[in-house]
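>
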Amino acid sequence: MLRDLAEAGAVARAADDTSRTWVIIGEVAVGAGLSENDGVVEHDRLGRQAVRLAVDKTLCVGGSRSVRALHQGAIMEGSWGDEARLVASTAEARELLSEPGDWCPESADVVFVAAASPEIAALAELWRDG
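Under my numbering, the first residue of the sequence shown is numbered 19, with each subsequent residue one higher.
1) Of all the options Ile93, Glu60, Leu144 and Gly91, which has the alpha carbon lying nearest to the alpha carbon of glutamate 117?
2) So, with DSSP's three-state summary, where would you put arginine 103?
3) Are valine 105 and tryptophan 40 touching if we call contact CB-CB under 8 Å?
4) My assumption, with CB atoms under 8 Å, is that methionine 19 sits in contact with alanine 132. Please give the rounded CB distance.
5) Compare the Cα-Cα distances from valine 59 to each of His89, Gly119, Ala32 and Val79 and report the closest residue.
6) What are the uninterrupted segments assigned as alpha helix (DSSP H) that are 4 or more residues long and contained completely in the segment 54-107, given in chain order?
7) Going along the chain, which residues of its own chain have a beta-carbon closer than 6 Å to the beta-carbon of valine 73, five neighbours each way excluded?
8) Write down the C-beta distance between glutamate 95 and glycine 65 rounded to the nearest angstrom, noting that I regard them as a contact closer than 8 Å.
9) CA-CA distance, leucine 115 and alanine 24?
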């Protein structure tokens, strides 16, 4: 899923070099039969993969161990400064993404939203008309 985002971002950058790639992600479903600890490791891998694929902004939403691992993975893989952020709730994410500034996606940006939670997935509604 993140590779598709990176590919879409490359296409967008060819048209507009100010385009950025975003992943807004909460806890996602993991394979059946995996333990909670295995799920945490999988989320850590997602965070690391976002950095390896040069995703510009990674917003981790939620307070579970898995979401914290997602954020930690991005940081440990080399995300620095304001490239990765962790917020505790969907309301915090909505507020952050709606305020003008560096954490507000722009029209040329490519945004990928993923989560098992419908509240987090609903954040995509922020850009439906834009």
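No residue lacks a Cβ here, since even glycine has one placed at the ideal position from N, Cα and C.
It should be emphasised that the depicted structure is a prediction, and the values quoted were computed from it without experimental measurement.
Short version:
1) Sorting Ile93, Glu60, Leu144 and Gly91 by C-alpha distance to the C-alpha of glutamate 117 places Leu144 at the top.
2) Reduced to three states, the DSSP call for arginine 103 is strand.
3) Not a contact, by the Cβ cut-off of 8 Å.
4) With a Cβ gap of about 6 Å, methionine 19 and alanine 132 count as contacting.
5) With distances taken between Cα atoms, valine 59 lies closest to His89.
6) For the segment 54-107, whole alpha helix (DSSP H) runs of length 4 or above, ordered along the chain, are 54-70 and 83-95.
7) Result list for valine 73: Thr39 and Val41, in chain order.
8) Yes, glutamate 95 and glycine 65 are in contact; Cβ-Cβ is about 7 Å, under 8 Å.
9) Leucine 115 and alanine 24: Cα-Cα distance of roughly 20 Å.
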